[in-house]
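J.: Here's a structure for you.
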Amino acid sequence: MKTLLTSCMLTVALLLTGCFSGEVKVSSTGKPYELFVVTPSDLWQGVAGDSVRAFFGSPVEMINQPEPLFTLFSVPPASYKSTVSKHRNILILKTGDQYSKSDMTASYDVNSAPQLEVTITSPSADSLAAFVHTYGNELVKLFEITERERLVTRAMKYKDARIAERIRQKFGFEMSVPEGYRIRLDTTNFLWISLEFPLSSVGFSIYTYPADTVAGHYLGAGNILAARNAAVMQIPGPSDGSYMTTSTAILPDQKLLTVGGREWTQLRGFWDVKGDFMGGPFINYTTYDAKNNRIIAVDGYVYSPSPNNNVPMRDYVRQVEAIFMTVEVLE
């Protein structure tokens, strides 16, 4: 494999060597958040496979149907070249006496692009399982970050110029929304944008409000939810007089993030429709814009009641979150 860097080190809580191929010929195959595990069947059916499934197959948090972080498939090494060598996400597990210790190597764009191929080598099945148990969270994070960056790149590459210009004019910041989304409602300090499918809906709203109207901490969960409910009630439900609101059945999960050098509060929770029977997960990013003394919020939602539309709900949520990662508030 020809590489652009003879030795590129990637640190994810352990020594993880990553290399990039300079001779990509084809586009990778597979859907987002699919992972092919290349390993002998005895490893996959034993403790090593159990460790991999425990991390990559753990349920996605804060969505209203059980779905794993990654959709897992396994294939024996003999079938690797003919079946999955061009897949976007590959994890290779190897054991043998030739390996003195457990180790991991990450290679990018080896047989296709974009592609991440991680190889774990270990003396035995038990030591491999122990290694995955120790570094499983970091391994999952590596694949998650790689997938998210792919979605961000796609959003920026295929952004709708008209929507981007409307956001720039209305709110004064940059945001890349992929083609296919449409502006559904444009009112004072509020914009609702969505992508509609026969069986599902993926959308988000952007809204701002003066910081002077907020009592207490700007980015506190209570203030964010109060502002959210006031804003998203403009998104109509299916019946007359119905509208979106925040579900009170489960408290949202709160986290502080830094995106583009700016501090945001992230809330994940569930939305309902007041006056009707609809609901699903939402994700809200809120930040304080000191230059304009205002609060900026981007609030995404997913409605996908049918499990037979071949797209996991997790993929829709992550698609919206990737769009949020393109926000650039100009100082």
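Heads up: the sequence shown begins at 28 in my numbering, then just goes up one per residue. Glycine included, C-beta positions come from ideal geometry on N, C-alpha and C.
Can you have a look at tyrosine 185 and say buried or exposed, based on whether 16 or more other CB atoms are within 10 angstroms of its CB?
T.: It is exposed - the Cβ of tyrosine 185 has fewer than 16 other Cβ atoms within 10 Å.
J.: When DSSP builds the beta bridges, which residues end up paired with alanine 349?
T.: Paired residues: none, contrary to the question.
J.: If the criterion is Cβ atoms closer than 8 angstroms, does the pair arginine 321 and threonine 235 meet it?
T.: In this structure, threonine 235 lies closer than 8 angstroms to arginine 321 by Cβ.
J.: Determine whether the beta carbon atoms of serine 274 and glycine 302 lie at a separation below 8 angstroms.
T.: No, these two residues do not count as a Cβ contact at 8 angstroms.
J.: Given a threshold of 16 other Cβ atoms within 10 Å of its Cβ, counted over all protein chains shown, does valine 145 qualify as buried or as exposed?
T.: So valine 145 ends up on the buried side.
J.: Take the Cβ of leucine 357 as the centre, count every other Cβ of all protein chains shown within 10 Å, and call the residue buried at 16 or more, exposed below.
T.: Exposed, by the Cβ-count rule.
J.: With three or more beta-carbon pairs closer than 8 angstroms as the criterion, would you say the segment 127-137 touches the segment 194-208?
T.: Output reads no: the segment 194-208 does not touch the segment 127-137.
J.: Using 8 angstroms as the Cβ pair cut-off and three pairs as the minimum, do the segment 146-157 and the segment 68-75 touch?
T.: Yes: at least three Cβ pairs fall under 8 angstroms.
J.: Quick one: complete beta strand (DSSP E) runs, 3+ long, within the segment 113-147?
T.: Correct list: 116-122 and 130-135.
J.: Just how far apart, CA to CA, sit methionine 305 and lysine 128?
T.: Distance between the alpha carbons of methionine 305 and lysine 128 is about 52 angstroms.
J.: Confirm, please, whether the CB-CB distance from glycine 327 to isoleucine 310 is below 8 angstroms.
T.: Yes, these two residues count as a Cβ contact at 8 angstroms.
J.: Considering only C-alpha positions, which residue in the set Ile190, Val159, Leu283 and Thr98 is nearest to isoleucine 251?
T.: Checking every option, the nearest Cα to that of isoleucine 251 belongs to Leu283.
J.: Can you give the Cα-Cα distance for glutamine 92 and aspartate 280, rounded to whole angstroms?
T.: Cα to Cα, the separation comes out at about 17 angstroms.
J.: Exposed or buried, what is glutamine 346 when buried is set at 16 or more other beta-carbons lying within 10 Å of its beta-carbon?
T.: It is buried - the Cβ of glutamine 346 has at least 16 other Cβ atoms within 10 Å.
J.: Quick check on the burial criterion: 16 or more other C-beta atoms within 10 angstroms. Buried or exposed for glutamate 223?
T.: With fewer than 16 Cβ atoms within 10 Å of its Cβ, glutamate 223 is classed as exposed.
J.: Report the option in Leu120, Asn116, Ser85 and Thr132 whose CA atom is closest to the CA atom of valine 65.
T.: Among Leu120, Asn116, Ser85 and Thr132, the Cα nearest to that of valine 65 belongs to Leu120.
J.: If you run the structure through DSSP and keep just helix, strand and coil, what is threonine 215?
T.: In the structure shown, threonine 215 sits in coil (DSSP, three-state: anything other than H, G, I, E or B).
J.: Using the C-alpha atoms, what's the distance from aspartate 239 back to valine 51?
T.: With a pLDDT of only 49 at valine 51, under the threshold of 50, the placement of this residue in the model should not be trusted; the figure read from the coordinates follows. Going by the C-alpha atoms only, they are around 53 angstroms apart.
J.: Just reading off the beta strand (DSSP E) that glycine 307 is part of, what are its end residues?
T.: Its beta strand (DSSP E) spans residues 306-316.
J.: I need the boundaries of the beta strand (DSSP E) containing glycine 327, first residue and last residue.
T.: Here the beta strand (DSSP E) through glycine 327 covers 321-330.
J.: Can you pull the DSSP bridge partners for aspartate 187?
T.: DSSP output for aspartate 187 lists no bridge partner at all.
J.: Using a Cβ-Cβ cut-off of 7 angstroms (strictly less than) and excluding sequence neighbours within five positions of asparagine 256, which residues of its own chain qualify?
T.: Result list for asparagine 256: Thr272 and Thr273, in chain order.
J.: Can you tell which of Ser227, Arg211 and Leu226 has its C-alpha closest to the C-alpha of isoleucine 220?
T.: Looking at the Cα atoms, Arg211 is the closest of the given residues.
J.: Glutamate 176 to glutamine 125, Cα distance in whole Å?
T.: In a straight line, the C-alpha of glutamate 176 is about 35 angstroms away from that of glutamine 125.
J.: Over what stretch of residues does the beta strand (DSSP E) that includes valine 259 continue unbroken?
T.: Segment 248-259 is the alpha helix (DSSP H) holding valine 259; no beta strand (DSSP E) there.
J.: Give me whichever residues DSSP pairs with serine 362 in a beta bridge.
T.: In the structure as shown, the chain starts at 28 and stops at 358, and residue 362 therefore has no counterpart that could be examined.
J.: What does the alpha-carbon distance come out to for the pair alanine 248 and leucine 278?
T.: Their Cα atoms are separated by approximately 10 angstroms.
J.: Considering only C-alpha positions, which residue in the set Val179, Ser331, Asn216 and Thr148 is nearest to proline 225?
T.: With distances taken between Cα atoms, proline 225 lies closest to Ser331.
J.: Hey, out of Ile90, Trp298, Val53 and Pro103, whose CA is closest to phenylalanine 63's CA?
T.: Checked all of Ile90, Trp298, Val53 and Pro103; the closest Cα to phenylalanine 63 is Pro103.
J.: How big is the Cα-Cα spacing for phenylalanine 200 and histidine 160?
T.: Each residue's Cα considered, the two are about 42 angstroms apart.
J.: Put aspartate 280 into one of helix, strand or coil per three-state DSSP.
T.: Aspartate 280 falls in the strand class under three-state DSSP.
J.: Which residue's Cα is closest to the Cα of valine 53: Val229, Met183 and Ser112?
T.: Nearest option by C-alpha distance: Ser112.
J.: Can you say whether threonine 215 is buried or exposed, counting buried as having 16 or more other CB atoms within 10 angstroms of its CB?
T.: So threonine 215 counts as exposed.
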